[in-house]
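Some notes on the structure that comes next.
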Amino acid sequence: MSAFFLRRRQYSVVIALLAGGALGACALKDAPRDSADSASAATVAIDTSVSTDDYGQPIAAGEPARRIVSLNPTTTEILFALGVGDRVIGRSRWDQWPVEARAVPEVGDAIRPSVERVLAAHPDLVLLYASGDNRAAADALRAAGLRVVALRVDRIADFARCVRALGQLTGTESVATFAIDSVQRSLDHVKRATASLDRPRVFIHVWDNPLMAIGGGSFLSELVDIAGGHNVYADRPEPSPQVSFEDLVQRAPQVILAGPVDAARLAGESRWTKLLALSHGRIAAYDTSLVGRPSMRLGEAAQSLAELLHPGITVR
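In terms of the working numbering, the sequence shown is numbered consecutively and its last residue is 614.
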């Protein structure tokens, strides 16, 4: 999904649903394959670390899911990467990656989804984003007898947990482990490549009115750290705190990261140019389709941010 797809409605879910060169869906072609058709895959073993979803509901063991409605761009992307994209029979209108996902029938929104449209698809598993706005839909779908799993992915560790859970639910545990390890290796590679570089102070722009930043509770803050920068709002535990412009001036960012449209707009506004003049800073536009959500392209996202924060270096 494109970055900040729900910004205009100001849902807190926006940060977690934002959209390694070493790992896309095709990068898993050499991963160990789990056969969901084999007798050994008939019952999915549940790791105790992912025995419940992010509403605290049990992730029940059972037959691997065959008909999945995924209303979360992160889980949709992961399912395709695990090689079970053909089991996805419904998606939200925001699920746009990989491109193959666009051929999956759309069943509505990711937030406060239509229970009727989901039921009409006859899924055996529904994946939701674990926001407060989705609790009512989750309860209604469970009451109708469906298996529902709600996952909230704010941090990189949440991504790994989400992949493990989806591996369990689809009978592809070994592929999931391979995927997690591959993403971690790509992140570690970027971190090593930037370890000796100076770390610019970075402000990650979210929204103007009110002014919102990426805080330390977001995977984007972690990516900036891996990429060799320092998020000036890393001390704020929220994923996307509201901040004041006066406080931002005091924090003196050297780089402002924003999506391409916002970056062009900020560059033409006097208060932002004055802010940057104080620290001899600059505005850098990042690829919102890449640095958009904590999913299979985390390594590639970190690499792209490293090359934005440290012009002239190439992380391969």
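C-beta atoms are modelled at their ideal positions from N, C-alpha and C, and glycine is treated no differently. These numbers come from a predicted model, not from an experiment.
Taking the alpha carbon of residue i as the point to measure from, which residue in the options has its own alpha carbon closest?
i	options	result
residue 526	518, 392 and 489	489
residue 486	456, 442, 460 and 600	600
residue 513	522, 536, 495 and 520	536
residue 492	610, 604, 359 and 363	604
residue 481	348, 584, 379 and 371	379
residue 399	496, 466, 547 and 370	370
residue 528	545, 586 and 498	498
residue 479	579, 597, 610 and 348	597
residue 522	397, 433 and 608	608
residue 504	484, 495, 465 and 564	564
residue 239	520, 373 and 432	Nothing can be reported for residue 239: it is not among the residues displayed for the chain, which extend from 299 to 614.
residue 559	430, 360, 583 and 483	583
State the CB to CB distance for the pair residue i and residue j, rounded to an integer number of angstroms; the pair is presumed to be in contact (CB under 8 Å).
i	j	result
residue 415	residue 402	Wrong, their Cβ atoms sit about 13 Å apart, outside the cutoff.
residue 475	residue 362	Not really, about 16 Å apart at Cβ, beyond 8 Å.
residue 413	residue 435	6 Å
residue 388	residue 419	4 Å
Could you tell me the alpha carbon to alpha carbon distance between residue i and residue j, rounded to whole angstroms?
i	j	result
residue 477	residue 424	22 Å
residue 375	residue 368	9 Å
residue 569	residue 531	19 Å
residue 515	residue 385	32 Å
residue 524	residue 602	11 Å
residue 502	residue 457	21 Å
residue 613	residue 395	24 Å
residue 381	residue 542	45 Å
residue 546	residue 443	49 Å
residue 408	residue 438	15 Å
residue 248	residue 518	There is no way to answer for residue 248, as the model of the chain reaches only from 299 to 614.
residue 397	residue 471	24 Å
residue 358	residue 417	20 Å
residue 393	residue 364	19 Å
residue 556	residue 610	20 Å
residue 454	residue 594	11 Å
residue 581	residue 421	45 Å
residue 459	residue 466	11 Å
residue 606	residue 544	26 Å
residue 473	residue 579	43 Å
residue 520	residue 441	38 Å
residue 534	residue 410	28 Å
residue 463	residue 349	8 Å
residue 567	residue 561	10 Å
residue 427	residue 366	14 Å
residue 391	residue 432	16 Å
residue 295	residue 377	What is shown of the chain runs 299 to 614, which leaves residue 295 out entirely.
Which residues share a DSSP beta bridge with residue i?
i	result
residue 350	356
residue 583	556
residue 540	510
residue 404	389
residue 447	425
residue 369	426
residue 499	528
residue 570	For residue 570, which the question treats as bridged, DSSP gives no partner whatsoever.
residue 505	510
Cβ of residue i versus every heavy atom of the ligand GDP: is any distance shorter than 8 Å?
i	result
residue 531	The model on display carries no ligand, and the ligand GDP is accordingly not part of it.
task: Decide yes or no for the touch test of the stretch 568 to 578 against the stretch 537 to 555: beta carbon pairs closer than 8 Å, at least 3 of them.
output: yes
query: If you pair each beta-carbon of the stretch 439 to 451 with each one of the stretch 349 to 357, do three or more pairs fall below 8 Å?
result: yes
- prompt: Is the number of C-beta pairs between the stretch 501 to 508 and the stretch 585 to 596 that are closer than 8 Å three or more?
  reply: no
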